[in-house]
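Going by my numbering, the sequence shown wraps up at 426, each residue one higher than the last. Everything on this sheet refers to the single structure shown next.
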Amino acid sequence: MSLRNRTRLLTEELRTAVRLLLEGAPVMVLPVVTALLLAMPVVLPGFHVSLLARTLLFAVFAAAFNLLYGYTGLLSFGHAMFVAAAGYSAAKVFNVVGPMLPFGGVTPLVTLLLAIVVGVAVAGIFAVLIGYLAVQLEEIYFALITLSFSMAIYTLANQDIPGQVLAAVGFGDGGFTNGSDGLAFFIGKVNLFGFEFRLVDLTNPVAFYVLTVFVFVFAVYGLWRVVNSPFGMVCKAIRENPERAKAVGVDVTYHRWMTFVISGLFSGLAGAMLVISGGGVDPQKHVYWTASAEPVVMSVIGGPLSFVGPIVGAFTYEYVRWGISRVPLLEEYWQFSFGMLILVVVLFFENGVAGGLEAGYARLRAWLPVAAKRYRADGWRGVLAFVGETVAGWLAAARETIQAYAARVRDGVRGYLVRVRELVGG
């Protein structure tokens with residue numbers, strides 16, 4: 001085979017891999033991604049291994065949230081309640097059940113797995129009960145009721161109301177959630193066939209990272225199967241037009257409820273792992289409304305209409321946040337920096353960063369043949385001229401977008417002022 005044909009074949013394979021990744025086909029991509037992720041501790045220092053583990057867990061959280069938002073059209077402002085349900089349940093397993101387990105050196109490992117299972121189960125129970133009520137409402141009312149439930153759970157945890165109630169009836173000492181201090185727990189060393197290691201170790205996070213990779217792969221594959229199943233197709237139809245879906249016999253409420261439950265289960269899985277990675281659950285960090293905002297922001301940044309969008313958004317969010325922390329001036333005003341990032345994404349990317357990557361790849365495929373034609377005609381001078389024309393076109397498009405956005409803002413402000421004058425004058 002000639003070099004030209006080999007190059008063409010390699011290019012086609014690369015295009016296929018990129019297309020599969022952008023379209024979201026983990027069956028083909030996940031084995032490669034898994035191998036790459038498992039190799040990361042070899043090349044990354046300990047801090048970045050921990051950061052990558054955290055990013056993978058938030059990717060699961062964002063993808064689970066987006067199952068409800070991007071594929072069913074329901075915006076939840078309260079997904080932190082599933083993190084709370086799983087986190088507090090996991091903490092109770094470590095503090096209460098763990099010391100009673102008789103498994104010797106592998107007791108910490110058994111306790112951790114049991115904590116994850118119990119955490120996911122409790123999050124699922126919350127999702128079943130709360131979801132049944134929430135899906136009876138539409139649009140903004142759905143968002144508000146999820147926020148209300150989440151903040152109610154935050155209040156219960158932050159003020160330890162369950163502990164106070166139990167103490168009042170003669171059970172316990174009033175320390176069920178431990179109030180604003182949260183619940184901390186300790187995970188001992190695992191002794192597996194004479195080899196000792198800690199499951200959660202800040203100085204050597206490899207063990208927990210490997211577990212995180214397998215959780216990530218399991219969750220992403222599970223969510224992908226849901227999205228690409230007949231159930232997922234129906235959810236997309238509901239997102240596009242719930243009235244038409246109802247007219248053809250789809251039980252819209254039931255499908256929304258089941259989507260809410262599945263989203264809650266996977267959110268609980270991510271939440272249990274996040275709490276375990278930090279050695280405790282904190283109501284301010286894991287339950288407050290800002291914790292519910294994180295998957296929303298990640299999905300918007302990454303692109304809610306793409307399966308890989310929330311995953312890309314989680315990586316963008318976490319690593320941009322880390323980059324901002326390296327610059328003191330930006331760190332001091334990091335909320336403003338993130339606001340500018342979201343503004344840029346909304347203005348210039350149709351479907352977040354993932355949509356931008358897909359559009360950029362399509363434009364590159366169209367651009368390269370023209371650049372090659374220019375090269376054959378005028379050499380590098382023709383290519384450079386074409387690059388200049390391309391950049392000028394990008395700048396013109398960006399200017400038009402900004403002008404259009406400014407015009408909409410101006411018209412909106414004018415309309416608001418006119419309305420205020422009418423109210424005051426009337």
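The C-beta atom is built at its ideal place from N, Cα and C for all residues, glycine as well. Predicted, not measured: the structure shown is a model, and the values here were computed from it.
### Message
Pull the bridge partners of A184 from the DSSP assignment, please.
### Response
By one-based count along the sequence shown, residue 184 stands at place 184. Answer is G280, bridged to A184.
### Query
How is R198 classed by DSSP in three states: helix, strand or coil?
Here the question's residue 198 lines up with position 198 in the sequence shown. Three-state result, R198: strand.
### Query
Per DSSP, L192 forms a beta bridge with which residues?
Within the sequence shown, the letter at position 192 stands for residue 192. The partner list for L192 (beta bridge, DSSP) reads F195.
### Query
So, using beta-carbon positions, are C235 and T212 closer together than 8 Å?
Walking along the sequence shown from the start, residue 235 turns up at place 235. Walking along the sequence shown from the start, residue 212 turns up at place 212. Against a cut-off of 8 Å, the Cβ pair of T212 and C235 comes out as no contact.
#### Entry: Alpha carbon of V42 to alpha carbon of L36, nearest angstrom
In the sequence shown, counting from the first residue as 1, residue 42 sits at position 42. In the sequence shown, counting from the first residue as 1, residue 36 sits at position 36. Taking the straight line from one Cα to the other gives about 10 Å.
### Task
With distances taken Cα to Cα, identify the nearest neighbour of E400 among W367, R381, L347.
As a working note, residue 400 is residue 400 in the sequence shown. Selected option, being the one with the closest Cα: L347.
#### Entry: Contact set for F214: own chain, Cβ-Cβ below 6 Å, skip 5 residues either direction
To locate residue 214, count along the sequence shown from 1; it is residue 214. Excluding positions up to five away in sequence, the list is empty.
### Message
Classify S76: buried if its beta carbon has 16 or more other beta carbons within 10 angstroms, exposed otherwise.
### Response
For this step, residue 76 is matched to residue 76 along the sequence shown. Buried, by the Cβ-count rule.
### Query
Whole alpha helix (DSSP H) runs in the stretch 210-296 with 4 or more residues, listed along the chain?
230-240, 242-247, 252-278, 283-286
### Task
Count the other C-beta atoms from every protein chain shown that fall within 10 angstroms of the C-beta of I402, then say buried if there are 16 or more, exposed otherwise.
For the purposes of this step, residue 402 is taken as the residue at position 402 of the sequence shown. I402 is exposed by the Cβ-count criterion.
### Query
Is there contact here, the stretch 270-277 with the stretch 55-74, by at least three beta-carbon pairs under 8 Å?
yes
### Query
Any idea which residues DSSP pairs M352 with across the strands?
On the sequence shown, position 352 is the one that residue 352 refers to. Just to set this straight, residue 352 is Gly in the shown sequence, not Met. G352 pairs with E350.
### Query
Which whole-angstrom value is the C-beta distance of S263 and F65, which I expect to be below 8 Å?
Here residue 263 corresponds to residue number 263 of the sequence shown, with the count starting at 1. Here residue 65 corresponds to residue number 65 of the sequence shown, with the count starting at 1. With 8 Å as the limit, S263 and F65 qualify as a contact, their Cβ atoms being about 6 Å apart.
### Query
Should the stretch 173-185 be regarded as contacting the stretch 76-95, the criterion being three or more beta carbon pairs within less than 8 Å?
yes
### Task
Using beta-carbon positions only, say whether I301 and G73 come within less than 8 Å of one another.
Locating residue 301 in the sequence shown gives position 301, where the first residue counts as 1. Locating residue 73 in the sequence shown gives position 73, where the first residue counts as 1. Their beta carbons are not under 8 Å apart, which means I301 does not touch G73 by this criterion.
### Task
Please state whether DSSP places E422 in a helix, a strand or coil.
Here residue 422 corresponds to residue number 422 of the sequence shown, with the count starting at 1. Note: E422 maps to helix in three-state DSSP.
### Message
Short of 8 Å in beta carbon distance, which residues of its chain neighbour F428, apart from the five on each side in sequence? Order them along the chain.
### Response
Because the chain spans 1 through 426 in this model, residue 428 falls outside it and cannot be assessed.
### Task
Report the three-state DSSP secondary structure of R326 (helix, strand or coil).
Looking up residue 326 in the sequence shown gives position 326. Of the three classes helix, strand and coil, the one that applies to R326 here is coil, per DSSP.
#### Entry: Counted within 10 angstroms of its Cβ, other Cβ atoms place F193 as buried (16 or more) or exposed
Position 193 of the sequence shown, counting from 1, holds the residue named residue 193. The residue is exposed, with fewer than 16 neighbouring Cβ atoms inside 10 Å.
### Query
For T290, which residues of its own chain have a beta-carbon under 6 Å away from its beta-carbon, when the five flanking residues on both sides are left out?
Against the sequence shown, residue 290 aligns to sequence position 290. For T290, where only same-chain residues beyond five positions count, there are no Cβ hits under 6 Å.
### Query
With distances taken from CA atoms, which of I161, D251, A359 is nearest S180?
Numbered from its first residue, the sequence shown carries residue 180 at position 180. That would be I161, whose Cα lies nearest to the Cα of S180.
#### Entry: Where S150 falls, given that 16 or more other Cβ within 10 Å makes a residue buried
In the sequence shown, the residue the question calls residue 150 occupies position 150. Its Cβ being crowded by 16 or more others within 10 Å, S150 is buried.
### Task
Count the CB pairs spanning the stretch 240-258 and the stretch 199-213 that are closer than 8 Å, and state whether there are at least three.
no
### Query
Got a sec? Which residues, its chain only, sit under 7 Å from F82 by beta carbon, not counting five neighbours each side?
As a first step, residue 82 must be located in the sequence shown, where it is residue number 82. Here the set comprises A123, F126, A127, G264, S267, G268, G271.
### Task
Using three-state DSSP, classify Y416 as helix, strand or coil.
Here residue 416 is taken as the residue at index 416 of the sequence shown, counted from 1. DSSP places Y416 in helix when its eight states are reduced to three.
### Message
Quick check on this structure: which residue in V261, G279, V206 has the alpha carbon closest to the alpha carbon of L112?
### Response
Along the sequence shown, one-based indexing puts residue 112 at 112. If we check each option's Cα against that of L112, G279 comes out closest.
### Query
In whole angstroms, what separates the C-alpha of L305 from that of F349?
For the purposes of this step, residue 305 is taken as residue 305 along the sequence shown, with counting starting at 1. For the purposes of this step, residue 349 is taken as residue 349 along the sequence shown, with counting starting at 1. Cα-Cα distance, rounded: 12 Å.
### Task
Pull up the distance between the alpha-carbon of Y375 and that of L368, whole angstroms please.
Position 375 of the sequence shown holds residue 375. Position 368 of the sequence shown holds residue 368. About 10 Å.
### Query
Excluding the five sequence neighbours on either side, which residues of its own chain have a C-beta within less than 6 Å of the C-beta of A80, listed in chain order?
Locating residue 80 in the sequence shown gives position 80, counting from the first residue. Around A80: S150, V287, A291, S292.
### Task
Determine the closest residue to I342 out of G303, L51, N191, with distance taken between C-alpha atoms.
To locate residue 342, count along the sequence shown from 1; it is residue 342. Among G303, L51, N191, the Cα nearest to that of I342 is on G303.
### Message
I'd like the ranges of any alpha helix (DSSP H) spanning at least 4 consecutive residues and lying wholly in the stretch 85-144.
### Response
107-134
### Endpoints, alpha helix (DSSP H) assigned at V165
If you number the sequence shown from 1, residue 165 lands on position 165. From DSSP, the alpha helix (DSSP H) with V165 extends over 161-168.
#### Entry: DSSP-derived helix/strand/coil call for L22
In the sequence shown, the residue the question calls residue 22 occupies position 22. Any reading at L22 must be qualified, since the residue scores a pLDDT of 49, below 50, and its modelled position is unreliable; the value itself is stated next. Reduced to three states, the DSSP call for L22 is helix.
### Helix, strand or coil at T55 [DSSP, three-state]
Residue mapping note: residue 55 aligns to position 55 of the sequence shown, counting from 1. Looking at T55 - three-state DSSP - the assignment turns out to be helix.
### Task
Indicate the three-state DSSP secondary structure (helix, strand or coil) for D411 in the structure shown.
In the sequence shown, counting from the first residue as 1, residue 411 sits at position 411. Three-state DSSP puts D411 in a helix.
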